[in-house]
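> Numbering (our numbering), first residue to last: 799 to 910.
From the three backbone atoms N, C-alpha and C, an ideal C-beta is built for every residue, glycine too.
(1) Which term fits residue 888, buried or exposed, when burial requires 16 or more other beta carbons within 10 angstroms of its beta carbon?
(2) Taking buried to mean at least 16 other C-beta atoms within 10 Å of its own C-beta, is residue 846 buried or exposed?
(3) Among the candidates 899, 859 and 906, whose CA atom is the shortest distance from the CA of residue 829?
(4) Would residue 892 be called buried (16 or more neighbouring beta carbons within 10 Å of its own) or exposed?
(5) Classify residue 841: buried if its beta carbon has 16 or more other beta carbons within 10 angstroms, exposed otherwise.
(6) Determine whether the beta carbon atoms of residue 905 and residue 874 lie at a separation below 8 Å.
(7) Less than 8 Å between C-beta atoms, sequence neighbours within five positions excluded: which residues of the same chain meet that for residue 895?
Structure, rendered in structure tokens:
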């Protein structure tokens, strides 16, 4: 599974858990792509178009968006309203209390 991730401190627990799961199975082809930079330079648009192209080529994709406004994942999730990690963490007590399954949503051609 390919991972495309936008930066942010709240991503770290999920990234660490995903890497732990990687160690448990054969995921030697796993690649991580990060889109970083200041606001307004097109990170969300670039990441969404890159992910759409990769899934069209048959790749399995997981995007981790850590923007509190959920902007980076909204396009790929067909503009579905979604809870942010911060909102879910507040409900559960902390980010560490969340599991990946709590925040995964499926979008364009199965991108999660």
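Well, looking at it:
(1) For the purposes of this step, residue 888 is taken as residue 90 along the chain shown, with counting starting at 1. Per the 10 Å Cβ criterion, exposed.
(2) Your numbering for residue 846 matches position 48 in the chain shown. That one is buried.
(3) For the purposes of this step, residue 829 is identified with residue 31 of the chain shown, where counting begins at 1. The shortest C-alpha to C-alpha distance from residue 829 to any of 899, 859 and 906 is the one to 859.
(4) Along the chain shown, read from residue 1 onward, the residue named residue 892 stands at position 94. Exposed.
(5) As a working note, residue 841 is residue 43 in the chain shown. Classification for residue 841: buried.
(6) Walking along the chain shown from the start, residue 905 turns up at place 107. Walking along the chain shown from the start, residue 874 turns up at place 76. Result yes, Cβ atoms of residue 905 and residue 874 sit closer than 8 Å.
(7) On the chain shown, residue 895 is found 97 positions in, with the first residue counted as 1. Cβ within range, chain order: 887.
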